[in-house]
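A.B. asks: Mapped onto this note's numbering, the consecutive letters of the sequence shown carry residue numbers 5 to 273. For every residue, glycine included, the Cβ atom is placed at its ideal position computed from N, Cα and C. Note that the structure is predicted; figures quoted are calculated from it, not measured.
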Amino acid sequence: MYTFTVRTFLAGLCALIHLSGCATVRQQLGTALISDEAEYALGEQVAAQIDSTQKALRMPTVQRYVERVAAPLIENALVDRPGVQYRLTVLDDASQINAFAAPGGFIYVYTGLLIAADDEAELAGVLAHEIGHIVGRHSANQLASQYGIQVLTSIALGQEADAAAGQIANIASQLGSARFSRDDERQADRYGVRYTTASGYDPAGLLSFFEKLKAAEGGRRSSVEKLLSSHPATDDRIQTIQALIERNGTSGGERNRERFMRETAPLRR
Numbered sequence: 005m006y007t008f009t010v011r012t013f014l015a016g017l018c019a020l021i022h023l024s025g026c027a028t029v030r031q032q033l034g035t036a037l038i039s040d041e042a043e044y045a046l047g048e049q050v051a052a053q054i055d056s057t058q059k060a061l062r063m064p065t066v067q068r069y070v071e072r073v074a075a076p077l078i079e080n081a082l083v084d085r086p087g088v089q090y091r092l093t094v095l096d097d098a099s100q101i102n103a104f105a106a107p108g109g110f111i112y113v114y115t116g117l118l119i120a121a122d123d124e125a126e127l128a129g130v131l132a133h134e135i136g137h138i139v140g141r142h143s144a145n146q147l148a149s150q151y152g153i154q155v156l157t158s159i160a161l162g163q164e165a166d167a168a169a170g171q172i173a174n175i176a177s178q179l180g181s182a183r184f185s186r187d188d189e190r191q192a193d194r195y196g197v198r199y200t201t202a203s204g205y206d207p208a209g210l211l212s213f214f215e216k217l218k219a220a221e222g223g224r225r226s227s228v229e230k231l232l233s234s235h236p237a238t239d240d241r242i243q244t245i246q247a248l249i250e251r252n253g254t255s256g257g258e259r260n261r262e263r264f265m266r267e268t269a270p271l272r273r
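#1: To test your reading of the DSSP string, which unbroken beta strand (DSSP E) runs of 3 or more residues are found completely within the stretch 86-155?
#2: Pairing CB atoms from the stretch 149-162 with CB atoms from the stretch 88-105, are three or more of them under 8 Å?
#3: When you compare the CB of I245 with every CB in chain D, is at least one pair closer than 8 Å?
#4: Give me, in chain order, the residues of the same chain whose beta-carbon lies closer than 6 Å to that of A125; leave out the 5 immediate sequence neighbours on both sides.
#5: Just the Cα atoms here: how many angstroms apart are T57 and A219?
#6: Do three or more CB pairs link the stretch 187-204 to the stretch 135-143 at distances below 8 Å?
#7: Suppose you measure from the CA of E267 to the CA of P76; what does that come to, to the nearest Å?
#8: Considering only C-alpha positions, which residue in the set I242, V88 and Q246 is nearest to A45?
#9: When the Cα atoms are used, what is the spatial distance from H22 to L127?
#10: Quick one: residues in its chain with C-beta nearer than 8 Å to the C-beta of L147, no 5 flanking neighbours on either side, listed in chain order?
#11: May I have the straight-line CA-CA distance separating V130 from Q53, to the nearest angstrom?
#12: Take D96 and list the residues in its own chain whose beta-carbon comes closer than 6 Å to its own, dropping the five residues that flank it on each side.
#13: Quick one: Cα of R272 to Cα of I119, how far?
#14: Do H133 and G180 have their C-beta atoms within less than 8 Å of each other?
#15: Roughly how many whole angstroms lie between the Cα atoms of G256 and A98?
#16: Is it the case that the Cβ atoms of F214 and D123 are separated by a distance below 8 Å?
#17: DSSP has A60 in a bridge; who is on the other side?
#18: So, under 8 Å CB-CB, Y199 and A81 are touching, yes? Tell me the CB distance rounded to an integer number of Å.
#19: Can you list, in chain order, the residues of its chain with a C-beta nearer than 6 Å to that of A74? Leave out the 5 residues immediately preceding and following it.
#20: Ignore the nearest five residues each way along the sequence and tell me which others in L211's own chain have a CB closer than 8 Å to its CB.
#21: Within the continuous alpha helix (DSSP H) that includes G256, where are the two ends?
#22: Measuring only the C-alpha atoms, how far is D188 from Y69?
#23: Distance check for V50 and Q150, CA to CA, integer angstroms please.
#24: Using only CA atoms, which one of R72, D239, D240 and A202 lies nearest to V83?
#25: Starting from the C-beta of G25, find all residues in its chain whose C-beta is less than 6 Å away, skip the five residues before and the five after it, and write them out in chain order.
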């Protein structure tokens, strides 16, 4: 009953407000309903579950490189949502061209995505997009809508210890293929373009990566289906990102292909 009320309330607000503003309203509402402390506590539990079931990459140089790429993006994101303590983990699975964000600042990137990308700007674009989901509180809001705010907060704060383990495992298993709303994806794209531009990267990196996924959709479907299902690279979305770049005059910036290929070379051996 509570879950239905939250979902209906969100839908009602979005129906009354212009489409472009809906994600902002959901972010503000999420802040009021789910405290940052509860979101961070939930994120820590979900991250612990992911860490126990997924294989982290045992290549410290690659892990540190991805963290360096993310650092300026995170610095810019902290302007929009201060206080988040981000933690980035590279997961060792070359078959998964995927990346996802957990509540509270946890970001995961599969080695398959690093192998599929062509340069640093594409990696930065994907990371900035995932950071945008955290800034927008999209995972937390989606989970609150699905499970109910009282249940989610109780689990996060350890008030339902008996039921928490199963719920946390279920939440963790969903994140890699969670499908966000069109408003959430658009907002994350806007953040992605803003953060990559502010960090000196070519914001078209995100665009070129999604165009690559779109081209691969008909062929290597099994290897890209998780990222396509959670972040659909539709023609409309690609055109929207292109228009955003052109409207803001943010074309140009670094691609850093040579450095990217050098730093990720161990994955291709």
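C.D. replies: Inspection of the coordinates gives the following:
#1: As far as the stretch 86-155 is concerned, its whole beta strand (DSSP E) runs of at least 3 residues are 91-95, 103-106 and 110-114.
#2: Here the stretch 149-162 makes no contact with the stretch 88-105; the two share fewer than three CB pairs at distances below 8 Å.
#3: In the displayed structure, chain D is absent; only one protein chain is listed.
#4: The beta carbon of A125 sits closer than 6 Å to the beta carbons of Y205, D206, G209 and R259 from its chain, once the five residues preceding and following it are set aside; these are given in chain order.
#5: For the pair T57 and A219, the Cα-to-Cα distance works out to about 31 Å.
#6: Counting Cβ pairs under 8 Å, three or more are found: they touch.
#7: Straight across, the Cα-Cα distance linking E267 with P76 is about 18 Å.
#8: Comparing Cα positions, the closest option is V88.
#9: Residue confidence for H22 is low, a pLDDT of 42 falling below 50, so the modelled location carries little weight; the figure read from the coordinates is stated next. Going from the Cα of H22 to the Cα of L127 covers about 32 Å.
#10: Contacts found: L46, P107, L156 and I175.
#11: Cα-Cα distance, rounded: 23 Å.
#12: Apart from sequence neighbours up to five positions away, the residues of its chain that approach D96 with a beta-carbon distance below 6 Å are K59, L61 and T115, ordered along the chain.
#13: Using only the alpha carbons, I get a separation of about 7 Å.
#14: It is not a contact, given that the beta carbons lie outside the stated cut-off.
#15: So the alpha carbons of these two residues sit roughly 30 Å apart.
#16: No. Outside cutoff.
#17: DSSP lists L95 as partners of A60.
#18: 6 Å between Cβ atoms; contact.
#19: L92 and L131.
#20: Counting only Cβ-Cβ distances below 8 Å, and skipping sequence neighbours, we find G129, I242, I245, Q246 and I249.
#21: Bounds of any alpha helix (DSSP H) do not take in G256, whose DSSP letter is neither H nor E.
#22: Rounded to whole angstroms, the gap between the alpha carbons of D188 and Y69 is 28 Å.
#23: Roughly 16 Å separates the two Cα atoms.
#24: Of the listed residues, the one whose Cα sits closest to V83 is A202.
#25: Low confidence applies to G25: its pLDDT is 49, below 50, so where it sits in the model is not reliable, and the reading given next is rough at best. Take G25, set aside five residues on each side of it, and no residue of its chain has a beta-carbon closer than 6 Å to its own.
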